[in-house]
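Participant: In our numbering, the protein residues as written are 854 to 1350. All C-beta atoms in this analysis are idealised placements derived from N, C-alpha and C, irrespective of residue type, glycine included. Computed from a predicted model, the values in this text were never measured in an experiment. Shown below is the structure under consideration.
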Amino acid sequence: MPAEKTAIIIGAGIGGIATSIYLARQGYQVTVYEKNAGPGGRCGQIVRDGHRFDLGATIYLMPELYKEAFESLGIAPEDNFKTVPLETLYKIYFEDANPIEFTTNHNKLKDQLESIEKGSYAKAKQLIETGYRFFQMATSNLLGKNFYHLFQFVTLKNALLLLKLKTHLRHMQYIRRFFKSPHLQKAFTFQNIYVGQDPYKAPALFAMLPAAELTEGSLFPAGGMFSVTTRLISVAENLGVRFVYNEQVAKIKTEGRKASGIILSNGSTVRARVIVSNADLPYVYRELLPDKRKSKHIDKLAYSCSSIVLHWGLDKRYPQLSHHSVFLSGSYRDNLKKIFREYSISANPSFYIHAPVCSDESAAPDGHDTLSVVIPAGHLNERLNRDWNKLKKDARAAVIDRLKKAGLTDIDEHIKFEICYLPQTWKNIFNLTHGATFGSVAHHIFQMGYFRPHNRHGKYKNLYFVGGSTHPGNGIPLVLLSARLTSERILKETGHE
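Written out as structure tokens, the structure reads:
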């Protein structure tokens, strides 16, 4: 094994790129191997005929976490990213009520909430303040630190913390304490889909999601979220990190209690002192490592949902759409049952539209529009023979029908081209287990903290993990946090801190 400080990273997603920067700044020679033609993973980008589409995240949610992450990477956000604050986070459309704007303008928010339910703004304000405290407490005490052994996590202090974070309550159950209106209950819980989970089962801790949005706001980076990827790549390369694209890792080579290197798809072996995987963690255990017993255990964990995504290039602008528009199904609960119990999709789905031209006209040619339609769907279940092409066709028709009712009466006539991602697409391109779009391993109390798959292998002591399926969890802000925590652990355990 090489004596020098060498590291191999499998996967050039955001977690892998950020980890390469942390390690390179500490003197490691880092090489990143990526199976696809370019970097970013689900923070990648498609450009076609002048239309620009982000593959996954579309804005900075929890911008303070981004700021802290960038600064810890030696990147001054104000000097490296041009961002546009979004006063209206998204416009929420209901089937049987007027739409409302989720906005950081609290006078405007108050008028809208009170028009739906008298006295609801005061309750919303209490919920936002409480939810934001959840966010702060969880970040400081649960999400933002490594747990090296069980009894660092299972303590009286943490037990009391979990009670304060309402992890014993379901999110929807908790929200009903604040609002009687089913429209407001939906408006303050649908954000669970950001991390691919069901608000009827997710812990009330996730009240922190809308609370953080309405407290900190959100930012849209000029050029889209891929600008984050390109800037991180530039910083990494300036530190000497080498990126190798179109290079599939076939196996992680192990010797005794060490991972000695990787075997590439062409059969060649590359060795390093430290191996870090940014590939989907369950995939790594199942396909790249020899221990099938551990893999079977991980395969039995709960997984997040998938999505059908339709990227549309249009030859007409639709200014009536906000930067983000959320269309909630009238049959909200049945919609979620279809996703999380039947591993399918409703005939009347909820969906979300990203319209980046609202904030950045360079996302489409002049007079044209770029829309990404995200339809949450069940993840792949190998026991069920779902016809995803038919489900996509039906969901697409339902989306267009809903948009026509919202005033976009000719939208189907102006779609120049469509790029579609199905659950199988997510699995094929990104090796995501079950095609689980949002970072495959789901969040619940027994899959968080020390109980989430660890960021270091139990047997191979120099094999580490970074990304959404390890601690602390999924979503770009937590993946950036994962990169810091994994890097801290590497440096602590290899004596280079």
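For Tyr1317 versus Thr1339, is the C-beta distance shorter than 8 Å?
Facilitator: Walking along the sequence shown from the start, residue 1317 turns up at place 464. Walking along the sequence shown from the start, residue 1339 turns up at place 486. Contact flag set, yes.
Participant: Cβ atoms of Pro1035 and Phe934: under 8 Å apart, would you say?
Facilitator: Residue 934 sits at position 81 when you count from the first residue of the sequence shown. Residue 1035 sits at position 182 when you count from the first residue of the sequence shown. No, these two residues do not count as a Cβ contact at 8 Å.
Participant: Using the three-state DSSP reduction, which class does Gly1348 fall into: helix, strand or coil?
Facilitator: Stepping through the sequence shown from its first residue, residue 1348 is reached at position 495. Three-state result, Gly1348: coil.
Participant: Taking the alpha-carbon positions, what's the Lys1190 to Met915 distance?
Facilitator: Residue numbering aside, residue 1190 sits at position 337 when the sequence shown is read from its first letter. Residue numbering aside, residue 915 sits at position 62 when the sequence shown is read from its first letter. So the two alpha carbons sit approximately 28 Å from each other.
Participant: With a threshold of 6 Å on Cβ separation, who are the neighbours of Val883 within its own chain once the five nearest residues in sequence on each side are excluded?
Facilitator: By one-based count along the sequence shown, residue 883 stands at place 30. These residues qualify, in order along the chain: Ala860, Ser873, Leu876, Ala877, Val1094.
Participant: Select from Pro1202, Trp1165, Asp1247 the residue whose C-alpha is nearest the C-alpha of Val1210.
Facilitator: Sequence index remark: in the sequence shown, residue 1210 carries index 357 (1-based). With distances taken between Cα atoms, Val1210 lies closest to Trp1165.
Participant: One question on the structure: do Ala1040 and Ile1115 come within less than 8 Å of each other, judged by their Cβ atoms?
Facilitator: If you number the sequence shown from 1, residue 1040 lands on position 187. If you number the sequence shown from 1, residue 1115 lands on position 262. The answer is no: Cβ separation not under 8 Å.
Participant: Would you mind working out which of Val1123, Thr1122, Gln1300, Val885 sits nearest Val1097, comparing C-alpha positions?
Facilitator: Counting from one through the sequence shown, the residue named residue 1097 turns up at place 244. That would be Val885, whose Cα lies nearest to the Cα of Val1097.
Participant: Which residues in the same chain as Gly1183 place their Cβ atom closer than 8 Å to its Cβ, once the five residues preceding and following it in sequence are excluded?
Facilitator: Against the sequence shown, residue 1183 aligns to sequence position 330. Once the five neighbours on either side are set aside, the close Cβ partners of Gly1183 are Phe947, Glu948, Asp949, Asn1201.
Participant: Three or more beta-carbon pairs under 8 Å between the region 1105-1124 and the region 894-906, yes or no?
Facilitator: No: the two stretches stay apart, fewer than three of their Cβ pairs being nearer than 8 Å.
Participant: So for Thr859, helix, strand or coil by DSSP?
Facilitator: Within the sequence shown, residue 859 is the residue found at index 6, counting from 1. In this structure, Thr859 counts as strand in the three-state DSSP scheme.
Participant: Three-state secondary structure (DSSP) at Gln1352?
Facilitator: Residue 1352 lies beyond the stretch modelled for the chain, which goes from 854 to 1350, so this question has no answer here.
Participant: For Gly1320, report the span of its alpha helix (DSSP H) as first-last.
Facilitator: Taking the sequence shown and counting its residues from 1, one reaches residue 1320 at position 467. Gly1320 -> no alpha helix (DSSP H), and no H or E assigned at all.
Participant: Taking His1207 as part of the beta strand (DSSP E), name the residues at either end of that continuous run.
Facilitator: As a first step, residue 1207 is located in the sequence shown; it is residue number 354 there, counting from the start. It spans 1204-1207 - the beta strand (DSSP E) in which His1207 sits, taken as one unbroken run.
Participant: Excluding the 5 residues preceding and the 5 following Arg1337 in the sequence, name in chain order all residues of the same chain whose CB lies nearer than 8 Å to its CB.
Facilitator: The residue given as residue 1337 occupies position 484 in the sequence shown. Counting only Cβ-Cβ distances below 8 Å, and skipping sequence neighbours, we find Ala871, Tyr875, Ala922, Ser925.
Participant: When the Cβ atoms of the region 1048-1055 are set against those of the region 1009-1029, are three or more pairs found closer than 8 Å?
Facilitator: The answer is yes - the region 1009-1029 touches the region 1048-1055, with three or more Cβ pairs under 8 Å.
Participant: Verify whether the separation of the beta carbon atoms of Val910 and Met1078 is less than 8 Å.
Facilitator: Here residue 910 corresponds to residue number 57 of the sequence shown, with the count starting at 1. Here residue 1078 corresponds to residue number 225 of the sequence shown, with the count starting at 1. The residue you asked about is not Val; residue 910 is Ala in the sequence shown. In this structure, Met1078 lies closer than 8 Å to Ala910 by Cβ.
Participant: Which full runs of the alpha helix (DSSP H) of 4+ residues lie inside the region 1076-1115, going along the chain?
Facilitator: You should have 1079-1091.
Participant: For a quick check, are the C-beta atoms of Tyr1136 and Asn1284 less than 8 Å apart?
Facilitator: Residue 1136 sits at position 283 when you count from the first residue of the sequence shown. Residue 1284 sits at position 431 when you count from the first residue of the sequence shown. Yes; because the gap between Cβ atoms is below 8 Å, this pair is in contact.
Participant: Contact check, Leu1013 vs Leu995 under 8 Å by CB: the rounded distance?
Facilitator: Reading the sequence shown from its first residue, position 160 is the one you call residue 1013. Reading the sequence shown from its first residue, position 142 is the one you call residue 995. The Cβ separation is near 12 Å, so there is no contact.
Participant: Work out the CA separation of Ser1215 and Val937 for me, nearest whole Å.
Facilitator: The count along the sequence shown starts at 1 and reaches residue 937 at position 84. The count along the sequence shown starts at 1 and reaches residue 1215 at position 362. Cα-Cα distance, rounded: 14 Å.
Participant: When DSSP builds the beta bridges, which residues end up paired with Asp1222?
Facilitator: Start at 1 with the first residue of the sequence shown, and residue 1222 comes out as number 369. For Asp1222, which the question treats as bridged, DSSP gives the partners Leu1167.
Participant: Could you give the C-beta distance for Ile1161 and Tyr1274, rounded to a whole number, given that I count them as a contact under 8 Å?
Facilitator: Your numbering for residue 1161 matches position 308 in the sequence shown. Your numbering for residue 1274 matches position 421 in the sequence shown. Yes, Ile1161 and Tyr1274 are in contact; Cβ-Cβ is about 7 Å, under 8 Å.
Participant: Roughly how many angstroms separate the alpha carbons of Ser993 and Gly1321, rounded to a whole number?
Facilitator: Here residue 993 is taken as the residue at index 140 of the sequence shown, counted from 1. Here residue 1321 is taken as the residue at index 468 of the sequence shown, counted from 1. Taking the straight line from one Cα to the other gives about 18 Å.
Participant: Helix or strand or just coil, what does DSSP make of Arg1255?
Facilitator: Within the sequence shown, numbered from 1, the residue matching residue 1255 stands at position 402. Looking at Arg1255 - three-state DSSP - the assignment turns out to be helix.
Participant: With a cut-off of 8 Å, do at least 3 Cβ pairs link the region 1216-1228 to the region 1167-1177?
Facilitator: Contact holds: three or more Cβ-Cβ distances are below 8 Å.
Participant: Using a Cβ-Cβ cut-off of 7 Å (strictly less than) and excluding sequence neighbours within five positions of Glu1350, which residues of its own chain qualify?
Facilitator: In the sequence shown, residue 1350 corresponds to position 497, counting from 1. Annotation note: pLDDT 43 at Glu1350 (below 50); position unreliable, no value reported.
Participant: Looking only at DSSP bridge pairs, what is Leu944 linked to?
Facilitator: Counting from 1 along the sequence shown, the entry for residue 944 is found at position 91. Note that residue 944 is Lys in the sequence shown, not Leu. Bridge partners of Lys944: Glu954, Ser1178.
Participant: Measure the CB-CB distance between Gly1328 and Gly1292 and report whether it falls below 8 Å.
Facilitator: Working through the sequence shown from its first residue, we reach residue 1328 at position 475. Working through the sequence shown from its first residue, we reach residue 1292 at position 439. Going by C-beta atoms, Gly1328 is nearer than 8 Å to Gly1292.
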